[in-house]
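Read top to bottom, the protein sequences are chains A and B.
Counting in our numbering, the first sequence runs from 61 upward without gaps.
Counting in our numbering, the second sequence runs from 61 upward without gaps.
Idealized CB from N, CA, C, for every residue including glycine.
What follows is a short report on a single structure.
Number of protein chains: 2
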Amino acid sequence: MSTIPRDTAHCPVRKAMNLIGSKWKVLLLENLRDGLKRYGELKRLLPDISEKVLIQELKDLVASGLIAKHAYPEIPPRVEYELTDSGRQALPIVDSLVAFGKQHLAA
Amino acid sequence: MSTIPRDTAHCPVRKAMNLIGSKWKVLLLENLRDGLKRYGELKRLLPDISEKVLIQELKDLVASGLIAKHAYPEIPPRVEYELTDSGRQALPIVDSLVAFGKQHLAA
DNA sequence: TAGGGTGCCTACCTCCAGGTAAGAAACATT
DNA sequence: AATGTTTCTTACCTGGAGGTAGGCACCCTA
Numbered sequence: 061m062s063t064i065p066r067d068t069a070h071c072p073v074r075k076a077m078n079l080i081g082s083k084w085k086v087l088l089l090e091n092l093r094d095g096l097k098r099y100g101e102l103k104r105l106l107p108d109i110s111e112k113v114l115i116q117e118l119k120d121l122v123a124s125g126l127i128a129k130h131a132y133p134e135i136p137p138r139v140e141y142e143l144t145d146s147g148r149q150a151l152p153i154v155d156s157l158v159a160f161g162k163q164h165l166a167a
Numbered sequence: 061m062s063t064i065p066r067d068t069a070h071c072p073v074r075k076a077m078n079l080i081g082s083k084w085k086v087l088l089l090e091n092l093r094d095g096l097k098r099y100g101e102l103k104r105l106l107p108d109i110s111e112k113v114l115i116q117e118l119k120d121l122v123a124s125g126l127i128a129k130h131a132y133p134e135i136p137p138r139v140e141y142e143l144t145d146s147g148r149q150a151l152p153i154v155d156s157l158v159a160f161g162k163q164h165l166a167a
């Protein structure tokens, strides 16, 4: 509790925002919460995300360890994504966002 | 649970993101959680936010009913901001973000 | 009369998240 | 051979969030 206002590098909120604060990451986590999903499924579940951004967001989430990617060299190719333990730790955020959003949709 | 993927207008997550998904709003809510604060205090607590954006974010939060503004016509002027009941409903989001962020700062 | 503490506004500009469009590899089906 | 399926890539472009810089109004104190 120093008078130093807020050290960016050590601010939990900013760290969290950097990891999942983009437009789509929370929605991806939400869609993965009930088990693994294929790339095409996610694409269908989030029809208004472009392919480029979907891939990019998935890559980011994999890079930060929140989801895992499993690629099966079949024909046609099959790729599945699922939450890691780390990713599951983000689910409370999703939950609270959903709860908050619902309250303000009703109003 | 229709096959219609996700109705943007009724998606709780998107609604929540629209309300507090900006770069600074969560940090503002966090700083207001333990009581009302003057404009100048917030400015000092978040030294790397520009005045323009600070005012703008506060306006947004007031407009969406998450915080309340009290202006006292004194000299020099005094303006205080505090969470509304609606705003307090967003605190679980802040909490979960903090918890999640802390776990990933340690790692 | 000059400066200082408040809270705010406006014009301008930059940068990048995210959108669009197109294509590629690799085989299966028709 | 032609078309479809699936996952992913690349080049290009735009809108808008957010930063910068400066000014304003008010009165106090020195």
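For residue i, the three-state DSSP class (helix, strand or coil)
i, result
"residue 128 of chain A", "strand"
"residue 83 of chain B", "coil"
"residue 151 of chain A", "helix"
"residue 105 of chain B", "helix"
"residue 96 of chain A", "coil"
"residue 117 of chain B", "helix"
"residue 90 of chain A", "helix"
"residue 134 of chain B", "coil"
"residue 70 of chain B", "helix"
"residue 62 of chain A", "Because the pLDDT at residue 62 of chain A is just 24, under 50, the model does not fix this residue reliably, and the point stays unresolved."
Whole-angstrom C-beta distance between residue j and residue i, which should lie under 8 Å
i, j, result
"residue 92 of chain B", "residue 73 of chain A", "Residue 92 of chain B to residue 73 of chain A, Cβ: 13 Å. No contact."
"residue 96 of chain A", "residue 140 of chain A", "5 Å"
"residue 149 of chain B", "residue 163 of chain A", "6 Å"
Beta-carbon proximity list for residue i, same chain, < 7 Å, skipping 5 on both sides
i, result
"residue 144 of chain B", "125, 126, 127 and 128"
Close Cβ partners of residue i (< 6 Å) along its chain, the five nearest in sequence each way excluded
i, result
"residue 132 of chain A", "138"
"residue 105 of chain A", "91"
"residue 147 of chain B", "126 and 127"
Buried or exposed by the 16-neighbour rule on C-beta atoms within 10 Å, applied to residue i
i, result
"residue 102 of chain B", "buried"
"residue 70 of chain A", "exposed"
"residue 76 of chain B", "buried"
"residue 118 of chain A", "buried"
"residue 100 of chain B", "exposed"
Cβ neighbours of residue i in the same chain (closer than 8 Å, five flanking residues each side left out)
i, result
"residue 120 of chain B", "82 and 85"
"residue 90 of chain A", "154 and 158"
"residue 142 of chain B", "92, 95, 96, 97, 127, 128 and 130"
### Message
Using a Cβ distance threshold of 8 Å, determine whether the stretch 153-160 of chain B contacts the stretch 150-159 of chain A, with at least three qualifying pairs required.
### Response
yes
### Message
Closer than 8 Å is the cut-off here; do at least three beta carbon pairs connect the stretch 98-115 of chain B with the stretch 125-136 of chain A?
### Response
no
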